[in-house]
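Residue 275, in full-length UniProt numbering, is where the sequence shown stops; the numbers in between run on with no holes.
C-beta: ideal position from N, C-alpha, C; glycine also.
Predicted, not measured: the structure shown is a model, and the values here were computed from it.
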Amino acid sequence: MQALGKTVEVALLDTPSDNFTFLPQFFNIRGEFAPQDFGTAILVDCGDWTRTGFFENSELNIDWPNHLIVVDHHKIQQLTPGLHIIDATASSTAELIFYILQLWEVDITKDMATCLLVGLSTDTGSFKHTNTSKAVLQVAGILLEKGANLGKVARYVYADKTIAKLKLWGRVLTKMRRNRKWNLLVSLVTEADLKDCGATIDDLEGVIDLLRTIPGVKAVVLGSERKDEFKFSLRTEDLRTDVSRLAALMGGGGHIKAASFAVPKADIDEIIPRA
């Protein structure tokens, strides 16, 4: 957007993982956002402005949602007001943004290419998941030509792991259980687990991909305790299993192979025994 002459601020309520500190503009990401101070908000990889956490306590103009632009590759159950650029066939929102930049004839810089390559890599499991199409690899090739460094991305995003992160992964593996009735692999991480391991919620990044390598299970479910809720991430490699349908039943969403939903803490005993 800056390349188009726009004044842009990037905001994210959750603290980004240290694995991404190598990205340009990382340290300029804001942890707060006042909607009334901006004319337009662009939601990236999020289809519902109420889920960002920024709008809950704001005194908003009644037509503020009409100033939203949503760019996402997830199926959206119910569209909110605003402009939506949605393509559920795209591997990632990064892939979708690449096509938008091409349409606008924006010259992709090295920094832009690096950010887009990270988005492609993380949403395709480092180009291992079934959403890694010919088009995805072609886009990745163009980004490499623009100066992105795949080796650097792989090292920072996947290879570098702290002791706390490895301890937490060990806790996830220790607590995993197999539901033989539904052929699911389930693990649940609590705030106490995070404290014991000296880890943060971001240290869970990537462990679900390790769980999904276990053969013979239809799907993997990883629950994690947050401030007021438990978030459940679902993954599958089974061609006949659509985890997005289960997530939708619980008020969440996602893709056939990857989805998520959240459950208030008060209702957790109805979903899974407290770990």
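Per DSSP, the continuous beta strand (DSSP E) segment holding ILE42 begins and ends at 41-44. The shortest C-alpha to C-alpha distance from LEU68 to any of GLY82, LYS75, ILE76 is the one to GLY82. The alpha carbon of ARG177 has as its nearest neighbour, out of LEU188, LEU168, LYS167, the alpha carbon of LEU188. Within 10 angstroms of the beta-carbon of PRO35 lie 16 or more other beta-carbons, which makes it buried.
LEU222: member of the beta strand (DSSP E) spanning 219-225, first to last residue. ILE208 sits in a helix when the DSSP states are folded into three classes. Pairing LEU210 with GLY5, the inter-Cα distance amounts to about 42 Å.
Secondary structure of ASN19 (DSSP, three-state): helix.
Residue environment: ALA113 is assigned as buried (16 or more neighbouring CB atoms within 10 Å of its CB, all protein chains considered). Secondary structure note for LEU185: its beta strand (DSSP E) is the uninterrupted segment 184-189. Nearest C-alpha to ILE100 among VAL139, PHE33, THR130, THR122: VAL139. Residue burial is scored here from C-beta neighbours: ALA159 has fewer than 16 other C-beta atoms within 10 angstroms and is therefore classed as exposed. About 5 Å separates the CB atoms of VAL71 and VAL44; that is less than 8 Å, so the two are in contact. Under the three-state reduction of DSSP, VAL153 is assigned to helix. The criterion of a C-beta distance shorter than 8 Å is satisfied by LEU185 and ILE214. Non-local C-beta neighbours of PRO16 in its own chain, meaning closer than 8 Å and more than five positions away in sequence, comprise PHE26, ILE29, ASP202, ordered along the chain.
With distances taken between CA atoms, HIS84 lies nearest to GLY47 out of ALA90, GLY47, PHE54. Classified as buried, LEU120 has 16 or more neighbouring CB atoms from the shown chains inside 10 Å of its CB.
Contact between ILE86 and ILE76 holds: CB atoms are separated by about 6 Å, below the 8 Å threshold. Comparing C-alpha distances from LYS227 to each of ALA219, ALA266, THR241 shows the shortest one belongs to ALA266. Beta-bridge pairing by DSSP links PRO264 to GLU229. Per DSSP, the unbroken alpha helix (DSSP H) holding VAL118 starts and ends at 110-123. Residue state for HIS67 is assigned as helix, using DSSP reduced to three classes.
Partner residues in the beta bridge of LEU234, as assigned by DSSP, are VAL221, ALA259.
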